[in-house]
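**Q**
Residue numbers (my numbering): 508 to 656.
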């Protein structure tokens, strides 16, 4: 089985909760809103997860529209997800800290038929690696620890 390995480095920035993440020379700042102890200098990681899913679906749509006979004039995705606050604060160990549910709406501007668009939507969902990772789960290995002194 052929595979590609992607890499990212995330570094805690001085003060507050902001983090700079970098992949292939591209950088993103993530933070928490003021209400959660951050300085609100960027979206937080769970918002970035929603953005990654929506972006992946947009890319999948753009890549596959022509081969599916879809004239894609516009495409965007609205996403929202529910986190259990009791899981985040660890006040209730029965509540998971991650998303319990993610919902999304695809907006497709095209002249294609309803049946063709519904098949296209299923294709987008089936070939999005972020959606696959979230929906089917991914193995997360325990961290290797390196103590820097």
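The beta carbon of each residue, even a glycine, is placed where N, CA and C say it ideally should be. Small disclaimer: the values here were computed from a predicted structure and weren't measured.
Can you find at least 3 beta carbon pairs, one from the region 613 to 629 and one from the region 577 to 589, that sit closer than 8 Å?
**A** Judged by Cβ distances under 8 Å, the region 613 to 629 makes contact with the region 577 to 589, as three or more pairs qualify.
**Q** Apart from the five residues on each side of it in sequence, which residues of its chain come closer than 8 Å, Cβ to Cβ, to residue 557?
**A** Position 50 of the chain shown holds residue 557. Hits under 8 Å: 586, 587, 588, 609.
**Q** Going by beta-carbon coordinates alone, are residue 525 and residue 536 separated by less than 7 Å?
**A** Numbered from its first residue, the chain shown carries residue 525 at position 18. Numbered from its first residue, the chain shown carries residue 536 at position 29. Yes; because the gap between Cβ atoms is below 7 Å, this pair is in contact.
**Q** Please go through the same chain and pick out, in chain order, the residues whose beta-carbon is closer than 6 Å to the beta-carbon of residue 567, but skip the five residues on each side of it.
**A** One-based indexing of the chain shown puts residue 567 at position 60. Cβ within range, chain order: 631, 634, 635.
**Q** In chain order, what residues of the same chain lie with their CB nearer than 6 Å to the CB of residue 611, ignoring the 5 residues before and after it?
**A** Position 104 of the chain shown holds residue 611. Around residue 611: 584, 586.
**Q** Applying the 10 Å Cβ sphere with the 16-neighbour rule, what's the burial state of residue 627?
**A** As a position in the chain shown, residue 627 is number 120, starting the count at 1. Classification for residue 627: buried.
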